[in-house]
Amino acid sequence: MTETIAIQNTDNPYGAFELKKLYPKNYSIGLTIAVIFHIFMIGVYFFAVFMQTEDEDNIPIVRIMKYSELGPPPSISNEIPPQVAVSGPVVKPTVGIPVPVPDASVSPEQTLASQEEMSNVAGPTITEGTGGGGIQITQDIKIEQEADDNPDMDKFVAVEKMPEIVVQAKPVYPDLAIRANLEGRVWVKILVSKEGKPKKAVVVKSDAEIFNQSAIDAAMKYAFTPALQNHKPVAVWVVVPFKFELRGN
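Read in order, the letters of the sequence shown correspond to residues 0 to 248 in our numbering.
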């Protein structure tokens, strides 16, 4: 037969009664801690929002403008104001200005200068410009430009009669071209003067450069009749071809 023995510990009593007794105290402590923690977190949140708003107020405002809204840039060049030349007073001529004198001192043979005589008298010196370097004009200077009778090589000149060849020179065949068996043609433009003489010769087209100088030398030995314009001789350019052939030597 089994026997059950129950032993009661009277030193540390603990049971449902004790739990009900401690529950309100522990609940109050936990609730107080939770409320304080939530209040602290809410305060931290609002403090962070306040600090962020204050920082945003201190941020400088940057205005973005378009290039078209900007004004013209300042000039970087140092503009020097133009100098204005101030001319000095012109000395009035004293020729022909009558001076009143007593009638007793007037000579009956004395005459005043006429306008023609006054015009022949040199006028006063006129100085122009600023500073020490002036230009003095003492008399009229007549500048004559000699007319250039030589027309431009590419300019068309209308003439009634073109020059005709009177004396024809044969060009010298270069030795190097003979050894190399070279043949070709050279077109030379000759400036014929009013007297019918060549003044200048220019190669305008050439098959071989070796023939150019020989063709120019021959062209300068030519003689022409002068070109006529309004029945007067004029200078004009003409083109003369030179043919170099080995069979002709």
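All C-beta atoms in this analysis are idealised placements derived from N, C-alpha and C, irrespective of residue type, glycine included.
Next on the checklist: Using CA atoms only, rank isn't needed, just tell me which of G183, F210, D151 and K199 is closest to V171.
Outcome noted: F210
Checklist entry - Which whole-angstrom value is the C-beta distance of N173 and S205, which I expect to be below 8 Å? => result Before going on, a small fix: residue 173 reads as Pro here, not Asn. About 13 Å; that fails the 8 Å criterion.
Next on the checklist: Using a 10 Å radius around the Cβ and a threshold of 16 neighbouring Cβ atoms, would you call T52 buried or exposed?
Outcome noted: exposed
Next on the checklist: If the criterion is Cβ atoms closer than 8 Å, does the pair A217 and A168 meet it?
Outcome noted: yes
Checklist entry - What residues are listed by DSSP as bridge partners for G183? => result F243
Checklist entry - Beta-carbon separation of Y221 and V156 under 8 Å? => result no
Next on the checklist: Tell me which residues share the same chain as H230 and place their Cβ nearer than 8 Å to its Cβ, disregarding the 5 neighbours each side in the sequence.
Outcome noted: E159
Checklist entry - Does the beta-carbon of F49 have 16 or more other beta-carbons within 10 angstroms, so that it is buried, or is it exposed? => result exposed
Item to check | Residue from Q82, V237, A15 and F39 whose Cα sits closest to the Cα of S192 | outcome: V237
Checklist entry - How many angstroms separate the CA atom of P232 from the CA atom of L175? => result 41 Å
Item to check | Residue environment, F241, which counts as buried when at least 16 other CB atoms sit within 10 Å | outcome: buried
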